[in-house]
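Peer 1: Okay, so the sequence shown: first residue is 9 according to this note's numbering, each after it adds one. Note that CB positions come from ideal geometry on N, CA and C, so glycine has one too. It should be emphasised that the depicted structure is a prediction, and the values quoted were computed from it without experimental measurement. Take a look at this one; I'll ask things after.
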Amino acid sequence: MNIRRYKPELISLKSRPLRVLIIADSFLPYIDGVARVIENYAEQFEKKNVDFRILAPRYKSADLSVDEKYKGKIIRLKTSRMKWGSYEVFKFPIINEEQQLIDDFDPDIIHAHSPFVAGKIAVSLKNRYNIPIVFTMHKNFKQSVILATNSDLFGTLSGFLMNQFTRQIDHIFYVSNSSMKLNNFSDNIMQSVVGDGTKFKYTENSSDLAKKAIAKFNIDTSKHNLLFISKFIWEKNIKQLLDAFKTLLTIDKNYSLTMVGGDWNFDEIIEYAKELEIYNHINFTGWVNDEDLLKGLYLSHDLLISPSILDTFGLVVHEAASQGVPSLVIKNSPSSEGIVDGENGYVTTQHEKQMADKIIEIFKNKHRLKVVGKNAMGLTKEWGEVIDISIEKYIDTIKLFYEKDRIKRLKKVAEQVRTKFKK
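Shown next, in the form of structure tokens:
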């Protein structure tokens with residue numbers, strides 16, 4: 009079988025599904041923003057007759073029975089001994105058995121959701137099959153590494169590796185306009201704002217969902233209930249959130265904070281909450297994978313706090329909005345895109361005192377808080393719309409890739425002819 013392609017198979021795509029190979033350094037059963045995005049892509053691909061395979065880590069100590077619902081469409085790649093925080097890093101190069109499964113799938117395009125080792129594998133597969141790569145920019149990776157390691161050197165190195173990777177890809181999907189402005193790469197690369205969606209909808213049984221969450225997590229509805237949902241890593245501005253919450257409690261004990269998530273810096277964050285003497289005022293739930301329970305958590309809280317400036321799209325902000333819950337975000341962060349302060353959400357600065365003051369101001373008018381939450385529902389976009397755009401972009405990318413490839417090969421032939429006649 010000839011696995012390299014030299015032209016787009018557009019005619020055959022009229023009679024067969026588009027085949028998309030997805031790769032990321034995180035996936036189920038572990039939950040983070042990227043894993044949830046891929047989960048939604050897979051769900052929509054099934055509905056829209058797009059064939060796919062997901063290259064995901066073969067976690068050493070996780071229950072991978074979640075793969076069963078994907079009916080053979082998850083290809084688990086071996087991981088090395090090296091870890092990045094809680095992430096297990098892929099082995100490179102991939103082993104023959106894994107390679108054969110990908111060969112048998114015969115992808116039309118690669119959609120990478122992570123750079124670095126996952127990106128390296130994506131590039132090697134691009135070169136093997138002569139197919140294009142689309143890459144979704146989920147966060148500002150250089151700044152994220154600097155904050156995670158407290159090292160400008162590591163940040164510079166990650167920036168260099170990121171630039172090396174982007175030279176090999178064919179189309180960057182940004183999930184917000186602000187991310188595109190911040191990370192704008194070479195003009196030679198196709199770049200589009202595609203965005204993320206939310207599968208959550210406000211349902212008639214919303215009060216029942218709220219009651220279940222209230223009962224399970226012992227939420228006191230007489231208090232001003234704040235909600236935070238994220239992976240527990242310091243670069244998500246969790247210190248600012250905890251410091252602001254400490255300030256709030258010194259003024260009014262009628263505030264409660266629920267923190268959903270875990271991994272990586274979880275133990276350090278718990279210790280810091282204890283050091284601030286606010287631990288007993290925080291409800292740490294761990295990860296919540298059940299969608300109805302997660303909806304119930306949104307519905308049983310008054311305000312979502314999203315202090316991160318690194319995320320290129322506020323997925324939880326949009327999930328909260330779908331349930332009529334407004335968010336407090338950092339001014340000019342990607343999560344603030346589309347939010348008008350006091351109309352469909354709230355904005356503040358990266359300073360704990362100003363964040364605390366803003367929260368106090370918000371809760372002075374709980375009627376207005378409800379109105380703002382209702383207005384926030386207009387922020388959301390369904391995943392079906394997002395995937396329709398993505399599929400359109402895939403086809404455009406494939407067409408342009410082979411047009412460039414054809415021109416490159418013609419130039420090479422012309423150069424060979426010129427060289428021959430010079431002799």
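Would SER187 and THR320 qualify as a contact pair, given that the criterion is a beta-carbon distance under 8 Å?
Peer 2: In this structure, THR320 lies closer than 8 Å to SER187 by Cβ.
Peer 1: Can you say whether ASP260 is buried or exposed, counting buried as having 16 or more other CB atoms within 10 angstroms of its CB?
Peer 2: So ASP260 counts as exposed.
Peer 1: By the 10 Å Cβ neighbour count, where 16 or more other Cβ atoms means buried, how is ILE11 classified, buried or exposed?
Peer 2: When all chains shown are included, ILE11 counts as exposed.
Peer 1: Please check the pair SER330 and VAL337, which I expect to be a contact at CB under 8 Å, by giving their CB distance rounded to whole angstroms.
Peer 2: Not a contact, Cβ separation roughly 16 Å.
Peer 1: Kindly list the residues whose CB is nearer than 7 Å to the CB of LEU284, restricted to its own chain and excluding five residues on each side of it in sequence; keep chain order.
Peer 2: LEU250, LYS254.
Peer 1: Unbroken alpha helix (DSSP H) runs of length 4 or more, entirely within the stretch 294 to 350: which are they?
Peer 2: 299 to 307, 323 to 330, all fully within the stretch 294 to 350.
Peer 1: Relative to the alpha-carbon of PHE274, which residue among ILE241, GLU390, GLU17 has its alpha-carbon at the smallest distance?
Peer 2: Ranking the options by Cα distance to PHE274, first place goes to ILE241.
Peer 1: In its own chain, which residues sit with a C-beta less than 7 Å from the C-beta of LYS378, not counting the 5 before and 5 after it?
Peer 2: Here the set comprises nothing.
Peer 1: Within the continuous beta strand (DSSP E) that includes ALA32, where are the two ends?
Peer 2: Segment: none, ALA32 is in no beta strand (DSSP E) and carries neither H nor E.
Peer 1: Should VAL45 and THR405 be called a contact, given that it needs their Cβ atoms to be closer than 8 Å?
Peer 2: Cβ distance not < 8 Å, so VAL45 and THR405 don't count as in contact.
Peer 1: Return the CA-CA distance between ILE83 and PHE113, expressed in angstroms with no decimal places.
Peer 2: Rounded to the nearest angstrom, the two C-alpha atoms are 11 Å apart.
Peer 1: Rounded to whole angstroms, how far is the Cβ of ASP33 from the Cβ of SER122, which I believe are closer than 8 Å?
Peer 2: Between SER122 and ASP33 the Cβ distance is about 4 Å, and since that is below 8 Å, they are a contact.
Peer 1: Can TYR263 and HIS232 be called in contact, C-beta distance under 8 Å?
Peer 2: Their beta carbons are under 8 Å apart, which means TYR263 touches HIS232 by this criterion.
Peer 1: Report the residue ranges of all beta strand (DSSP E) runs contained in full by the stretch 206 to 261; include only those spanning at least 3 residues, in chain order.
Peer 2: 232 to 237, all fully within the stretch 206 to 261.
Peer 1: Does the separation of the CB atoms of ILE118 and LEU29 fall below 8 Å?
Peer 2: For ILE118 and LEU29, yes; Cβs fall inside 8 Å.
Peer 1: Any idea what DSSP makes of ASP503, helix, strand or coil?
Peer 2: The displayed coordinates of the chain run from 9 to 431. Any statement about residue 503 would go beyond what the structure contains.
Peer 1: Suppose the cutoff is 7 Å on Cβ atoms and the five residues either side in sequence are ignored; what does the same chain contact list for LYS207 look like?
Peer 2: Here the set comprises ASN48, TRP391.
Peer 1: Given a cut-off of 8 Å, decide if PHE60 and LYS81 are closer than it, judged by their beta-carbon atoms.
Peer 2: Result yes, Cβ atoms of LYS81 and PHE60 sit closer than 8 Å.
Peer 1: Taking only three categories from DSSP, how would you classify ASN138?
Peer 2: Correct three-state label for ASN138: coil.
Peer 1: Which first and last residues belong to the beta strand (DSSP E) in which HIS179 is found?
Peer 2: 179 to 182 is the extent of the beta strand (DSSP E) around HIS179.
Peer 1: So the candidates are HIS359, THR388, GLY353, LEU109; which of them puts its Cα closest to the Cα of PHE371?
Peer 2: Answer by Cα proximity: GLY353.
Peer 1: If you follow the beta strand (DSSP E) that LEU63 is part of, which residue opens it and which one closes it?
Peer 2: Per DSSP, LEU63 belongs to the beta strand (DSSP E) from 59 to 65.
Peer 1: Three-state secondary structure (DSSP) at LEU284?
Peer 2: Correct three-state label for LEU284: coil.
Peer 1: With distances taken from CA atoms, which of LYS282, ARG27, GLY332 is nearest LYS303?
Peer 2: Of LYS282, ARG27, GLY332, the residue nearest in Cα terms is GLY332.
Peer 1: Could you tell me if ALA70 is buried or exposed, where buried requires 16 or more neighbouring beta carbons within 10 angstroms of its beta carbon?
Peer 2: Exposed, by the Cβ-count rule.
Peer 1: Just to confirm my understanding: we take THR356, look at its own chain, exclude 5 residues before and 5 after, and list those with CB closer than 7 Å. What are they?
Peer 2: Only LEU336, ILE338, LYS339, GLN362, MET363, LYS366 meet the Cβ criterion.
Peer 1: At what residues does the alpha helix (DSSP H) containing SER186 begin and finish?
Peer 2: Per DSSP, SER186 belongs to the alpha helix (DSSP H) from 185 to 191.
Peer 1: Please report how far the alpha carbon of ARG376 lies from the alpha carbon of PRO315, in whole angstroms.
Peer 2: About 22 Å.
Peer 1: Give every residue of the same chain whose Cβ lies closer than 7 Å to the Cβ of GLY270, excluding the five residues on either side of it in the sequence, and list them in chain order.
Peer 2: Excluding sequence neighbours, GLY270 sits near PHE240, GLY294, TRP295.
Peer 1: In angstroms, rounded to a whole number, what distance separates the CA positions of SER220 and HIS359?
Peer 2: Note on identity: in this sequence residue 220 is Lys, with Ser being the wrong assignment. Going by the C-alpha atoms only, they are around 35 Å apart.
Peer 1: Can you say whether ASP396 is buried or exposed, counting buried as having 16 or more other CB atoms within 10 angstroms of its CB?
Peer 2: Classification of ASP396: exposed, given that the 10 Å Cβ count is below 16.
Peer 1: Suppose contacts are defined by Cβ-Cβ distances below 8 Å. Is ILE399 in contact with LEU26 by that definition?
Peer 2: Contact flag set, yes.
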